[in-house]
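This report concerns only the one structure given below.
4 protein chains.
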Amino acid sequence: MPRVTADASNGGSSLERIRSSFERQGLMRTLGATLDLIEPGHVVIVLRPSAAISQQHGFVHAGAVTAIADSAAGYAALTLMQPGIGVLSTEFKINLLAPATGDRIIARGRVIKAGRTLTVAQSEVFAQTNGEEKLIALLTATLMAVGARDGIVD
Amino acid sequence: MPRVTADASNGGSSLERIRSSFERQGLMRTLGATLDLIEPGHVVIVLRPSAAISQQHGFVHAGAVTAIADSAAGYAALTLMQPGIGVLSTEFKINLLAPATGDRIIARGRVIKAGRTLTVAQSEVFAQTNGEEKLIALLTATLMAVGARDGIVD
Amino acid sequence: MPRVTADASNGGSSLERIRSSFERQGLMRTLGATLDLIEPGHVVIVLRPSAAISQQHGFVHAGAVTAIADSAAGYAALTLMQPGIGVLSTEFKINLLAPATGDRIIARGRVIKAGRTLTVAQSEVFAQTNGEEKLIALLTATLMAVGARDGIVD
Amino acid sequence: MPRVTADASNGGSSLERIRSSFERQGLMRTLGATLDLIEPGHVVIVLRPSAAISQQHGFVHAGAVTAIADSAAGYAALTLMQPGIGVLSTEFKINLLAPATGDRIIARGRVIKAGRTLTVAQSEVFAQTNGEEKLIALLTATLMAVGARDGIVD
Numbered sequence: 270m271p272r273v274t275a276d277a278s279n280g281g282s283s284l285e286r287i288r289s290s291f292e293r294q295g296l297m298r299t300l301g302a303t304l305d306l307i308e309p310g311h312v313v314i315v316l317r318p319s320a321a322i323s324q325q326h327g328f329v330h331a332g333a334v335t336a337i338a339d340s341a342a343g344y345a346a347l348t349l350m351q352p353g354i355g356v357l358s359t360e361f362k363i364n365l366l367a368p369a370t371g372d373r374i375i376a377r378g379r380v381i382k383a384g385r386t387l388t389v390a391q392s393e394v395f396a397q398t399n400g401e402e403k404l405i406a407l408l409t410a411t412l413m414a415v416g417a418r419d420g421i422v423d
Numbered sequence: 270m271p272r273v274t275a276d277a278s279n280g281g282s283s284l285e286r287i288r289s290s291f292e293r294q295g296l297m298r299t300l301g302a303t304l305d306l307i308e309p310g311h312v313v314i315v316l317r318p319s320a321a322i323s324q325q326h327g328f329v330h331a332g333a334v335t336a337i338a339d340s341a342a343g344y345a346a347l348t349l350m351q352p353g354i355g356v357l358s359t360e361f362k363i364n365l366l367a368p369a370t371g372d373r374i375i376a377r378g379r380v381i382k383a384g385r386t387l388t389v390a391q392s393e394v395f396a397q398t399n400g401e402e403k404l405i406a407l408l409t410a411t412l413m414a415v416g417a418r419d420g421i422v423d
Numbered sequence: 270m271p272r273v274t275a276d277a278s279n280g281g282s283s284l285e286r287i288r289s290s291f292e293r294q295g296l297m298r299t300l301g302a303t304l305d306l307i308e309p310g311h312v313v314i315v316l317r318p319s320a321a322i323s324q325q326h327g328f329v330h331a332g333a334v335t336a337i338a339d340s341a342a343g344y345a346a347l348t349l350m351q352p353g354i355g356v357l358s359t360e361f362k363i364n365l366l367a368p369a370t371g372d373r374i375i376a377r378g379r380v381i382k383a384g385r386t387l388t389v390a391q392s393e394v395f396a397q398t399n400g401e402e403k404l405i406a407l408l409t410a411t412l413m414a415v416g417a418r419d420g421i422v423d
Numbered sequence: 270m271p272r273v274t275a276d277a278s279n280g281g282s283s284l285e286r287i288r289s290s291f292e293r294q295g296l297m298r299t300l301g302a303t304l305d306l307i308e309p310g311h312v313v314i315v316l317r318p319s320a321a322i323s324q325q326h327g328f329v330h331a332g333a334v335t336a337i338a339d340s341a342a343g344y345a346a347l348t349l350m351q352p353g354i355g356v357l358s359t360e361f362k363i364n365l366l367a368p369a370t371g372d373r374i375i376a377r378g379r380v381i382k383a384g385r386t387l388t389v390a391q392s393e394v395f396a397q398t399n400g401e402e403k404l405i406a407l408l409t410a411t412l413m414a415v416g417a418r419d420g421i422v423d
């Protein structure tokens, strides 16, 4: 169950939007990712390393690390959108700083700049081993606001 | 079975290296991705859209698109490495140009510049629908050559 | 004088728009950059190496290479915009593949995907020495369409 | 005159290395950029807006913003290198968050992860107007360590 902080700016509804949207992301379920925190402008997603999401050396695959980092950045942006407005990732860049291995992989997404059309968010990804965290990746994403006329909301 | 072109530069062994490495990528199996082509400096990986790899609107999740695009770029680089030298992605950037939907998602990775320490590769990702292809994403990656002293080869 | 190809899509006016806009870019004049080609979706900008645009080892500074690559990508996008609509760079990524040195540095910008709100363009940058060209950098940019209400056109 | 903090890790010599290297960057002089701070892992470069570094709407050109952001990131990395080891930018990505305009443009570069071969650094760029600062750009760069055998040091 994600920890939640009330979001005065949109009446607390963003919790439900994001939880419901996350549950519809089949890939998050397939990877075994979980929502750990939802706050205005800040979302945390967690992954547990396993052979099912590995690359050839046994580390978590960069694609799985990127998937939770992108989703954390996107949902961080979504927490700041008005009802009826969703977001799509238009591009992102990730630097892979160290192998993704440990007990948990934790992506913390935060909004850097919220705009009417474009929002920029970053995710820091940490590998947690015996309670200690190490920064293993840094993602910067541009999200575009989209609405009902685009057929896309949550 | 991937189509293969003989690789004079390293005695054709890169086919086996890459096939074997790909089979050890648990994430590729989990996503249902397949190797479709291995040539010197060029690797193609294919994904079939399904609910298991979707985002919240039913399209293929950017994380899954990125995973095959990153692997295709990395394996394209690996085809040009000497035996005993592997590659690791150090960073990549992807532009998501259109929703990932259709019959097949095809990532074509190519080496742009091969270097002793760093290799730059790009993957173009296409969505194929009724035999027609549309460019949906463009990834640029930097791969670092790593060897036995790093504990990493294939 | 830039070579120009008639642009049926907007009555050939994009030549004048781009030439006039380029002349207002003080930085291009300061760097000594020149417009070499304007076609629909394709713009070429050229720089001559000199001490005034160098980095500490005597090569052309990455900032100068980036400046012409970004402008070439942006103007390539602008050639496809309707009158009254301009573009702004929202982000770009550049891979620096080899030192920028030689007789001329040539940035060739091309549109990859034109959209209503966002356009993605790439610039390949070549160093030309004794008539031979070598790829030295690759830039991918996202341009946002902006209009009169934003106070920005050409 | 840049403010300097003693750098115990390499005997304080990095100040002189960086000041001397900066003075050899012809582009920094051409742009009118100045070194404002050198500390271990942290370098600040400042630019004063003028017509000579403008784009077509009168803002500071993204190329000039990028030039100081790239140099600040690179010099931040250089502060942590051993004597005899230099750095080269291999790639960077910048998000342009707001127009570059005001009294001063300030790029603050910081090392995110220092490595034997690759170092990742970020620059935040602020526009300062009447003493107030606004974040206008965010750059992430990968620097490669290079040595005497590459013919490149400072």
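Protein chains in written order, with our numbering: chain A, 270 to 423; chain B, 270 to 423; chain C, 270 to 423; chain D, 270 to 423. For every residue, glycine included, the Cβ atom is placed at its ideal position computed from N, Cα and C. Just so you know, these numbers come straight off a predicted model, no measurement behind them.
- Chain C places no beta carbon closer than 8 Å to that of Lys-382/A, leaving this residue out of the contacts.
- In terms of beta-carbon proximity, Glu-360/B lines the interface with chain D, with at least one pair separated by less than 8 Å.
- Residue state for Ala-410/A is assigned as strand, using DSSP reduced to three classes.
- For Met-413/A, at least one C-beta of chain C is nearer than 8 Å to its own C-beta.
- Interface annotation, Ala-321/B: in contact with chain A, CB-CB separation under 8 Å.
- At a cut-off of 8 Å between C-beta atoms, Leu-357/C does not count as an interface residue with respect to chain B.
- When the five nearest sequence neighbours on each side are left out, the beta carbons in the same chain lying within less than 7 Å of the beta carbon of Gln-397/C are those of Gly-371, Asp-372, Arg-373, Ile-375, in order along the chain.
- Between Asn-364/B and chain A, the shortest Cβ-Cβ separation is below 8 Å.
- Residues are counted here when their Cβ sits less than 7 Å from a Cβ of chain A; for the segment 370-404 of chain C these are Thr-386, Leu-387, given in chain order.
- The shortest CA-to-CA distance from Pro-309/A to any of Thr-299/A, Leu-284/A, Ala-333/A is the one to Leu-284/A.
- For the set Phe-291/D, Asn-364/D, Thr-388/D, the Cα lying nearest the Cα of Phe-395/D is the one of Asn-364/D.
- Per DSSP, the continuous alpha helix (DSSP H) segment holding Arg-298/B begins and ends at 295-300.
- Residue environment analysis places Gly-327/A among the exposed positions, since fewer than 16 neighbouring C-beta atoms fall within 10 angstroms of its C-beta.
- Following the DSSP letters along the chain, one finds Ser-358/A inside the beta strand (DSSP E) bounded by residues 355-365.
- Taking the C-beta atoms as reference points, Gln-324/C is found no nearer than 8 Å to Ser-323/D.
- One alpha carbon belongs to Ser-392/D, the other to Ala-342/B, and they sit about 28 Å apart.
- Listed along the chain, the chain D residues whose CB falls inside 8 Å of the CB of Thr-409/A are Lys-362, Asn-364, Leu-407, Thr-409.
- Separation of Lys-362/D and Lys-382/D (C-alpha to C-alpha, rounded to the nearest whole angstrom) is 16 Å.
- The three-state reading of DSSP puts Arg-288/B in helix, counting H, G and I together.
- The C-beta distance from Ala-345/D to Val-380/D rounds to 5 Å, short enough to meet the 8 Å contact threshold.
- In the displayed model, Asp-372/B falls within coil according to three-state DSSP, outside both helix and strand.
- Under the 10 Å beta carbon count, Glu-360/A is surrounded by 16 or more other beta carbons and is classified as buried.
- Within a 10 Å sphere around the beta-carbon of Pro-352/A sit fewer than 16 other beta-carbons, which makes this residue exposed.
- DSSP, reduced to helix, strand and coil, places Ala-346/C within a helical segment of the structure shown.
- Annotation for Val-315/C: the continuous beta strand (DSSP E) segment containing it runs 311-316.
- Neighbours of Thr-303/A in chain B, taken as residues whose beta carbon is under 8 Å from its own, are absent, since the nearest beta carbon is some 15 Å off.
- For Phe-395/B, the pairing in a beta bridge is given by DSSP as Ile-375/B, Leu-404/B.
- Here Ile-287/D is near Thr-348/D, since their CB atoms are less than 8 Å apart.
- Taking the Cβ atoms as the reference, Val-415/C lies roughly 24 Å from Gly-332/C, outside the contact range of under 8 Å.
- If you ignore the 5 residues before and after Glu-402/B, its C-beta comes within less than 8 Å of the C-beta of Ile-375, Phe-395, Ala-396, all in its own chain and listed in chain order.
- Of the other Cβ atoms in all chains shown, fewer than 16 fall within 10 Å of the Cβ of Arg-385/C; this residue is therefore exposed.
- Burial check for Ser-340/D: the Cβ neighbour count within 10 Å reaches 16 or more, so the residue is buried.
- The criterion of a C-beta distance shorter than 8 Å is satisfied by Leu-408/A and Ala-338/A.
- Interface flag for Gly-295/D against chain C is set, since a Cβ pair is found closer than 8 Å.
- Using a Cβ-Cβ cut-off of 8 Å, Thr-335/A counts as an interface residue toward chain B, since at least one Cβ of chain B sits closer than that to its own.
- Relative to the Cα of Leu-404/A, the nearest Cα in the group Met-413/A, Pro-368/A, Val-389/A, Ala-390/A belongs to Pro-368/A.
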